[in-house]
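Protein chains in written order, with the working numbering: chain Y, 180 to 469; chain X, 10 to 334.
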């Protein structure tokens, strides 16, 4: 082997190792940021986290402040947003993937949805304020909040569901048609079950985003102090991110720790949501056999 | 087919779980309310200034013990945002860190919203520096104006006073949506919202506090409550409004000798809403407790005269409403 070739080879090996190191560093810095965040939140907030904290109403005394109304508000929002946005999002995705003709109109719609997914959530908040709060006269109700959040997550759900539908091999559809199934039967019995794990992942991610949104809710006028748990769709509400934001903006240092405790609760809810997603994925994907 | 069924069960199960959780806690609260009082529920909607928010929140919290049947919600849209909702008749009470503007009053009149104005507390704006700053104890209003006016030429401490260090002043102040910003610029610069642009602005006063704590050459301003929570870490400046150097304190703010940075805080109550017993009870309770509660959250109670005037306004509005209805 010539000297030149050996040199070249050594250089490639070095590059390869360097690239691996850079990627590892990228991963480590991600992890470091996460660990730092968790450590900071936990060290500040864990002492304030108690059963009373979950159960108590908001208060101006850090020791008495609780997160009950915000937690209930967030769960209401999650439930309603799921009910509103999932059927619409999945329906739109199925239409675009399975029914819509591949023409210019579809391209335009598709591009718009992709763009909408990147629109800052505060913009949806302003739209929600005009459309739901003022025009439809829903006022600052939990229904207006859920509708606004649905707007925020719809593009994400549609895109994720489309991705999942596209991952189903066309041969499955062809086989189903070949056996005499109608389009509806093919979608309902073959395509949908096969794409559900992927769809679920997208939906849960979208819901996690909705759970953490404060800006659109602030824009439609979600209030900071709500001493009661919503019991109907027209009730006023507050949510976890709003309550945390409110606490962290206060002058008293103790409230910053209370905010940290609130963040822990928010993270726990998120982890529970993600656990459900993993479980559902596991159960559904195990049963797909092609 | 089996796959689909199971998935549906799991998904709907998850939703049901969420709904049940929320439902559980809601029935819990309804039970608690019913146990202590059998009166009909009433709702009071308050929104507006984040400066007044702590007082209103404290009043609402104390009210829970006396009138558990009244449900008070308090928002923080800022004075301007609150006034918009107030004029549209969306809320019963507007928290305000400044008096209502003529334009806003006109809007209320156009929509047929009549109101009474109640002075509930005073707030002093604290001008603060870092404790390690040992050269400055007091600034005149002129110096503050030079410092904060648009296109200000003051870059260094030595630009304010040649004896002071040739170090750049780091400025911290509230963002432009804040009522505090409106008030400070009007009182110091002379024109509302007229302010230099090259300073660190934040709607979160804690950011300003931290900024001043961390820099020896910093100067910032914000509500007195944020100073009193961080007394050891900040140095309070006196302000000379023409009659000597005055530092903000309960006495100087209440007597309005801390000029021009003392300001009254208001609530605006819709007289239409006062027809509802819940709103009436809430406002009555507000006026009874605001002295104690405003002190507790870091503000200064209003003078006896102002309290007297509040009572008269309230009694008059409440009694005419009773007579009319």
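Virtual Cβ for every residue (Gly too), placed ideally from N, Cα, C. The structure displayed is predicted, hence computed values, not measured ones.
Beta-ladder partner(s) of residue i, from DSSP
i	result
residue 148 of chain X	X:248
residue 137 of chain X	X:229, X:245
residue 210 of chain X	X:182
residue 132 of chain X	X:272
residue 104 of chain X	X:57, X:276
residue 51 of chain X	X:79
residue 255 of chain X	X:248
residue 177 of chain X	X:165
residue 309 of chain X	X:131
residue 125 of chain X	X:278
residue 415 of chain Y	Y:320
Alpha helix (DSSP H) segment containing residue i, residue limits
i	result
residue 294 of chain X	286–305
residue 193 of chain Y	182–224
residue 94 of chain X	87–96
residue 374 of chain Y	371–391
residue 284 of chain Y	283–295
residue 451 of chain Y	432–465
residue 332 of chain Y	321–345
residue 194 of chain X	No alpha helix (DSSP H) contains residue 194 of chain X, which DSSP labels as neither H nor E.
residue 425 of chain Y	419–427
residue 119 of chain X	111–120
residue 199 of chain X	Counting along the chain, residue 199 of chain X falls outside any alpha helix (DSSP H), and DSSP gives it neither H nor E.
residue 274 of chain Y	First-last for residue 274 of chain Y: undefined, no H or E at that position.
residue 353 of chain Y	349–357
residue 366 of chain Y	It is not in any alpha helix (DSSP H) - residue 366 of chain Y carries neither H nor E in the DSSP assignment.
residue 230 of chain Y	230–234
residue 312 of chain Y	From DSSP, residue 312 of chain Y is part of no alpha helix (DSSP H); its letter is neither H nor E.
residue 283 of chain X	Looking at the DSSP string, residue 283 of chain X is not in any alpha helix (DSSP H), and its letter there is neither H nor E.
Cβ of residue i within 8 Å of any chain X Cβ
i	result
residue 392 of chain Y	no
residue 331 of chain Y	no
residue 431 of chain Y	yes
residue 239 of chain Y	yes
residue 311 of chain Y	no
residue 232 of chain Y	no
residue 191 of chain Y	no
residue 406 of chain Y	yes
residue 318 of chain Y	yes
residue 324 of chain Y	no
residue 428 of chain Y	yes
Any chain Y beta carbon closer than 8 Å to residue i
i	result
residue 188 of chain X	no
residue 306 of chain X	yes
residue 244 of chain X	no
residue 160 of chain X	no
residue 73 of chain X	yes
residue 86 of chain X	yes
residue 30 of chain X	Interpretation of residue 30 of chain X is limited by its pLDDT of 47, a score under 50 that renders its predicted location unreliable; no figure is taken from the coordinates.
residue 80 of chain X	yes
residue 176 of chain X	no
residue 62 of chain X	yes
residue 235 of chain X	yes
residue 288 of chain X	no
residue 329 of chain X	no
Extent of the continuous beta strand (DSSP E) to which residue i belongs
i	result
residue 83 of chain X	79–83
Residue from the options whose Cα sits closest to the Cα of residue i
i	options	result
residue 117 of chain X	X:324, X:319, X:281, X:61	X:281
residue 147 of chain X	X:207, X:136, X:285, X:141	X:136
residue 105 of chain X	X:328, X:214, X:187	X:187
residue 51 of chain X	X:84, X:79, X:73	X:79
residue 420 of chain Y	Y:297, Y:397, Y:409, Y:238	Y:397
residue 216 of chain X	Y:217, Y:256, Y:444, Y:435	Y:435
residue 258 of chain Y	Y:237, Y:328, Y:360	Y:328
residue 383 of chain Y	Y:301, Y:333, Y:315	Y:333
residue 308 of chain X	X:261, X:318, X:286	X:261
residue 229 of chain Y	Y:348, Y:196, Y:218, Y:439	Y:439
residue 62 of chain X	X:73, X:86, X:76, X:77	X:86
residue 276 of chain Y	Y:425, Y:348, Y:400, Y:209	Y:348
residue 457 of chain Y	Y:377, Y:287, Y:405	Y:377
residue 67 of chain X	Y:366, Y:405, Y:368, Y:281	Y:405
residue 298 of chain Y	Y:390, Y:395, Y:261	Y:395
residue 232 of chain X	X:300, X:70, X:189, X:140	X:189
Whole-number beta carbon distance between residue j and residue i, since they are thought to touch under 8 Å
i	j	result
residue 271 of chain Y	residue 337 of chain Y	5 Å
residue 249 of chain Y	residue 422 of chain Y	4 Å
residue 179 of chain X	residue 227 of chain X	4 Å
residue 151 of chain X	residue 166 of chain X	Not quite, the Cβ-Cβ distance comes to about 16 Å (not below 8 Å), so this is no contact.
residue 57 of chain X	residue 88 of chain X	6 Å
residue 55 of chain X	residue 275 of chain X	Incorrect: roughly 12 Å between the Cβ atoms, too far for contact.
residue 339 of chain Y	residue 286 of chain Y	Actually they do not touch by this definition, with Cβ atoms about 19 Å apart.
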